[in-house]
Amino acid sequence: MDRFDPRGKVNRALLVGVSEYEFTRPKHRDGVPGQLPAVAHNLALLVRALERGGVVRPLEITVARSPRLADFRHSLRAAADAAEGLLLLYFAGHGAVPSAGDELWLQMRDAEVVRGETAGFEGAARFTNVLRILANSHAERIVVVLDCCNAGNAARVWEAVERPDVRRRVSVLMSVQANNRIDAGDADTPTPFTARLVELLTSGIEGQGDEVHFLDLAEALRAHMSAHHRTERGECWEPQSRTENPPVDVVLGIRAGAGRPVGPGTALRQPAPGTVGTGVVSRPTSGRRRQRALGALRSRSFLTKAKAKASVARVRAAAARLRPGSVSPSALRPTTPDPTRPSGRPPGGLPSRRLAVVLLVLAAALGLVGYFVVGNAASDRSTCAPPVELRLLTDPDLESTVRKAADTYLTSAANTTGGGCRRSGITVYGAGSAAVVAGLRDQSDPWQRPVSDDTDPQRDIGPQPDIWIPATLATATRARPSGVARTYVTLEPDAAPFAYSPMVLSLPQDIAEDSADDRTGDSLAGLRAKLARRDKTASVRRPDPEYTDSALLATVGLYGAGKADVGRAEESVAPAGPPAPAAGDLLCTLPDNADTDRSTGALVPEFLMVSGIGCDRTTRTPRRAEYPDDVPGLDPTFVRVRWKDGDNDEAARDDAVQRFHDWLTGTGDTGGKNGNENGNERGKESGKEADNGLAVFGQDGFRAPSGTHAFLAAHDSADGLITDPGPPAVAARAEAMDTALNQYRNANGPGRVLFLLDSSGSMAGLWQGPGGAPGILKQSLGGLGTQDEYGVWSVASPGHSLYTELLSFGPHKRQDAERALDGAAVKDAEADPYAALKAALDTMGRKGRDDDRPELIVFLTDDEDNNHLTAKGHLDELLASPRIRGVPVVMAALDSGGCAKGRPDQRISDVSGGRCLDTKGDLVAGLRDEVARTGTGDE
Numbered sequence: 003m004d005r006f007d008p009r010g011k012v013n014r015a016l017l018v019g020v021s022e023y024e025f026t027r028p029k030h031r032d033g034v035p036g037q038l039p040a041v042a043h044n045l046a047l048l049v050r051a052l053e054r055g056g057v058v059r060p061l062e063i064t065v066a067r068s069p070r071l072a073d074f075r076h077s078l079r080a081a082a083d084a085a086e087g088l089l090l091l092y093f094a095g096h097g098a099v100p101s102a103g104d105e106l107w108l109q110m111r112d113a114e115v116v117r118g119e120t121a122g123f124e125g126a127a128r129f130t131n132v133l134r135i136l137a138n139s140h141a142e143r144i145v146v147v148l149d150c151c152n153a154g155n156a157a158r159v160w161e162a163v164e165r166p167d168v169r170r171r172v173s174v175l176m177s178v179q180a181n182n183r184i185d186a187g188d189a190d191t192p193t194p195f196t197a198r199l200v201e202l203l204t205s206g207i208e209g210q211g212d213e214v215h216f217l218d219l220a221e222a223l224r225a226h227m228s229a230h231h232r233t234e235r236g237e238c239w240e241p242q243s244r245t246e247n248p249p250v251d252v253v254l255g256i257r258a259g260a261g262r263p264v265g266p267g268t269a270l271r272q273p274a275p276g277t278v279g280t281g282v283v284s285r286p287t288s289g290r291r292r293q294r295a296l297g298a299l300r301s302r303s304f305l306t307k308a309k310a311k312a313s314v315a316r317v318r319a320a321a322a323r324l325r326p327g328s329v330s331p332s333a334l335r336p337t338t339p340d341p342t343r344p345s346g347r348p349p350g351g352l353p354s355r356r357l358a359v360v361l362l363v364l365a366a367a368l369g370l371v372g373y374f375v376v377g378n379a380a381s382d383r384s385t386c387a388p389p390v391e392l393r394l395l396t397d398p399d400l401e402s403t404v405r406k407a408a409d410t411y412l413t414s415a416a417n418t419t420g421g422g423c424r425r426s427g428i429t430v431y432g433a434g435s436a437a438v439v440a441g442l443r444d445q446s447d448p449w450q451r452p453v454s455d456d457t458d459p460q461r462d463i464g465p466q467p468d469i470w471i472p473a474t475l476a477t478a479t480r481a482r483p484s485g486v487a488r489t490y491v492t493l494e495p496d497a498a499p500f501a502y503s504p505m506v507l508s509l510p511q512d513i514a515e516d517s518a519d520d521r522t523g524d525s526l527a528g529l530r531a532k533l534a535r536r537d538k539t540a541s542v543r544r545p546d547p548e549y550t551d552s553a554l555l556a557t558v559g560l561y562g563a564g565k566a567d568v569g570r571a572e573e574s575v576a577p578a579g580p581p582a583p584a585a586g587d588l589l590c591t592l593p594d595n596a597d598t599d600r601s602t603g604a605l606v607p608e609f610l611m612v613s614g615i616g617c618d619r620t621t622r623t624p625r626r627a628e629y630p631d632d633v634p635g636l637d638p639t640f641v642r643v644r645w646k647d648g649d650n651d652e653a654a655r656d657d658a659v660q661r662f663h664d665w666l667t668g669t670g671d672t673g674g675k676n677g678n679e680n681g682n683e684r685g686k687e688s689g690k691e692a693d694n695g696l697a698v699f700g701q702d703g704f705r706a707p708s709g710t711h712a713f714l715a716a717h718d719s720a721d722g723l724i725t726d727p728g729p730p731a732v733a734a735r736a737e738a739m740d741t742a743l744n745q746y747r748n749a750n751g752p753g754r755v756l757f758l759l760d761s762s763g764s765m766a767g768l769w770q771g772p773g774g775a776p777g778i779l780k781q782s783l784g785g786l787g788t789q790d791e792y793g794v795w796s797v798a799s800p801g802h803s804l805y806t807e808l809l810s811f812g813p814h815k816r817q818d819a820e821r822a823l824d825g826a827a828v829k830d831a832e833a834d835p836y837a838a839l840k841a842a843l844d845t846m847g848r849k850g851r852d853d854d855r856p857e858l859i860v861f862l863t864d865d866e867d868n869n870h871l872t873a874k875g876h877l878d879e880l881l882a883s884p885r886i887r888g889v890p891v892v893m894a895a896l897d898s899g900g901c902a903k904g905r906p907d908q909r910i911s912d913v914s915g916g917r918c919l920d921t922k923g924d925l926v927a928g929l930r931d932e933v934a935r936t937g938t939g940d941e
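For the sequence shown, the numbering used here begins at 3 and goes up steadily by one.
The structure is reproduced here in structure tokens:
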């Protein structure tokens, strides 16, 4: 296991504690539940624990006491910009979740909950956005600690991060499992979780030596809290943690009384520039910016050595006047840290506040005034105005490359003023292509202000973008507002794309054609026919056509021209379980099984054979690309997105967007001509800083958007690519993509879904509201159309009845189904999941006897009555039944451990070809996806 020791590096700790709220119930109807006086104690104790721990220096700790949302964001960006080693974010306060349970909102001092809106959390930081800001930091490792109700809901946000490199940098420690409220404790003591956290940081972890590591700390907290505390729902209080596998452990402290060995270079490092004392933040500076500043200082001709000596003498005299005998000449010399020095005191014994004054006088005398701010609240006052923050939405397949480009742009000359300030920041996020098209075309009104659980682009896609980079120009055309509904958005796409990548059939080297000529100049059907002749066991897979443009383009080629047998085409690429969301996911999961990797082709964009293969943790089968001539390629296009009434800073935002556009597409002063076919020299040296966005795209395997589509950067033939695969396929057409998407959604005709709703007495606490069991089922109904057949059983056994039919099996209008679920009630009885599942499998087996329509069984339960499932060999009998292999079963457990390896829910889902969902993941969204995949609804 890798181990990261931050000692001796430039670290930052931002400690946020919200003990005081402006709006609380019952005085304010939209307020938070109440004040949290215990949180005020958390901050003081945690500061002392970190100082004593010796990893984060006192100068590097910032305390934000009950900040408003705007102040929190300011402090977070400042800490993220300044950190180079460890970046630690701690939050204690109220945490709220929407009805879908797929997000966590950290509620700040000015928090309000606007009733009737899914995303109605005013004055609260969305954890997704917090992670995005943290991910833009240059810190080597990031640790987030959350002490709040529902903290475990942050896990699903972390898991949704598609970039493995970001997940590998970020570790999250959560005080409690998802969807659980916790007691903050007495007003005169710290909260229970933080109290134990501080004790472990201070005293160490038994049997683990002097150092306190993240993984050991997380396990020690879980063991203690689950043994001694319960949540407000009466469950075991189980702190959660998330780290990428294989994990990188982080040293967070040294127990009190142990030695303080320093990390590499500590003796040579001085306190971070521009910071004095606990709770102090100055203008953040990157390493590159500090070097520029030092160079400028050295070049100042007016500061002669004589003047410098005179200035130092004046400072020493001024310092001496502060208190006779308090400052000796040696106190102003750099000193190495003293491990025996009491924490919180600078070397030489000078109190930190007086040292701050001395340093200020010294800086003023030398003409080197920095921007020291002494106080307890976080601040970031500097000569640099806050940069404009742009929001960039893109296709999931492009997200990694677009993020690299945005990260490169942030520190480029094109984004830096003459004074060394950033002009803009960019938040990059991806979302499913079909959802984005629908959101921009028909849902711009609820995107600005969500009014229901059914249609909420803020929840399902993200914030309103300033820039959109779809994977094809045709998708920009598909997203133009239809005019049917009110529209609040205007799309301004470029006339032409700025890059290109053909779609390829990525085949294992041993079953691919040897000759380059045989790998080009044929249709997808022709290439697959040749593959079948070479290896009858070979298969082909394609990602989810609703999620990425590349998968939808592959579907266009798969169905072919004319009247296609869509059902047979889908059967030829059907995976054993749900399809991979994106092409990168598909390429990353194939090596998990060596036999599958050696025999499976993948329909993916060519560039991912260069940049999408670094995520595998096992040996990957070498692959070659075959180039179908009837599958359109990707042609990423820059789209400016404007929102009605979003023009408060229009001029500044337009300028920031245009500067990024010119840099990204190579049309500005920083790069070459857009579409230059002879761009092979651009980005050839991967270590060289990219001079524009095309260089970044070139390094990731993209080609020029016109002419012969030459590579934007040179690539080794070992990648399995062909430099000139011949004439490309005709560019994608919007109509063809929409047609293929509709055909895919209705590939096998209407679906059948049988919902089993656990209605036993133990479900009483999981019943009410949109997040209760009936409400969760109601949210999944959007994936079912009027031709789909479905029914709902209430599963409980008050007498001899195994279940009660809440909704008869057949086609229904959604409002009728919702009314039936509104009538569902908890019964004073236990459920018998074995008998209910057996009856459901028999029912679905009879209904699907004469056709191939997609079918699904959903069992939503709290797992409290699983003893009926495991007794008398029932589970083994169920798993051995032939019927279970004919109908996928989704086990949706309202329990954080329902899908643990070996648990009944997980075994049933695996054997049936279904999916196991629990509250450790995004249960609501996952259930919506599974039902939508079976049905023919619009969602």
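Built from N, CA and C at the ideal position, the CB exists for glycine as well.
Are there 16 or more other CB atoms within 10 angstroms of the CB of residue i, so buried, or fewer, so exposed?
| i | result |
| --- | --- |
| Lys406 | buried |
| Gln660 | exposed |
| Lys29 | exposed |
| Arg535 | exposed |
| Gln770 | exposed |
| His230 | exposed |
| Val282 | With a pLDDT of only 31 at Val282, under the threshold of 50, the placement of this residue in the model should not be trusted, and no figure is reported. |
| Gly904 | exposed |
| Ser574 | exposed |
| Thr539 | exposed |
| Thr419 | exposed |
| Ser803 | exposed |
In three-state terms, what does DSSP make of residue i?
| i | result |
| --- | --- |
| Val115 | strand |
| Tyr561 | helix |
| His140 | coil |
| Ile513 | helix |
| Leu334 | Residue placement at Leu334 cannot be trusted, given a pLDDT of 30 that sits under 50; what the coordinates show is reported in the next sentence. Note: Leu334 maps to helix in three-state DSSP. |
| Gln660 | helix |
| Ser914 | helix |
| Gly812 | strand |
| Glu237 | coil |
Out of the options, state which residue places its alpha-carbon closest to the alpha-carbon of residue i.
| i | options | result |
| --- | --- | --- |
| Ile463 | Val146, Asp397 and Thr418 | Asp397 |
| Val860 | His876, Val797 and Asp4 | Val797 |
| Pro472 | Gly635, Arg535, Pro452 and Pro459 | Gly635 |
| Asp632 | Asp721, Asp664, Arg530 and Asp546 | Arg530 |
| Ser911 | Gly899, Ala894 and Val65 | Ala894 |
| Ala157 | Leu877, Asn138, Ser177 and Gly700 | Ser177 |
| Leu723 | Met110, Asp790, Ala40 and Phe609 | Phe609 |
State the CB to CB distance for the pair residue i and residue j, rounded to an integer number of angstroms; the pair is presumed to be in contact (CB under 8 Å).
| i | j | result |
| --- | --- | --- |
| Ser446 | Thr489 | 5 Å |
| Pro890 | Asp867 | Wrong, their Cβ atoms sit about 22 Å apart, outside the cutoff. |
| Gly728 | Gly523 | 6 Å |
| Val641 | Pro495 | 4 Å |
| Thr936 | Pro813 | The pair is not a contact, with the Cβ atoms about 14 Å apart (cut-off 8 Å). |
Should residue i and residue j be called a contact, given that it needs their Cβ atoms to be closer than 7 Å?
| i | j | result |
| --- | --- | --- |
| Val542 | Gln745 | no |
| Leu106 | Val99 | yes |
| Pro607 | Ser552 | yes |
| Leu843 | Arg885 | yes |
| Gly255 | Leu203 | yes |
| Arg570 | Ala556 | no |
| Leu933 | Gly785 | One detail in the question is off: residue 933 reads as Val in this sequence, not Leu. It is a contact, given that the beta carbons lie within the stated cut-off. |
Does residue i have its Cβ less than 7 Å from a Cβ in chain C?
| i | result |
| --- | --- |
| Arg747 | In summary, chain C is missing from the structure at hand, where a single protein chain is found. |
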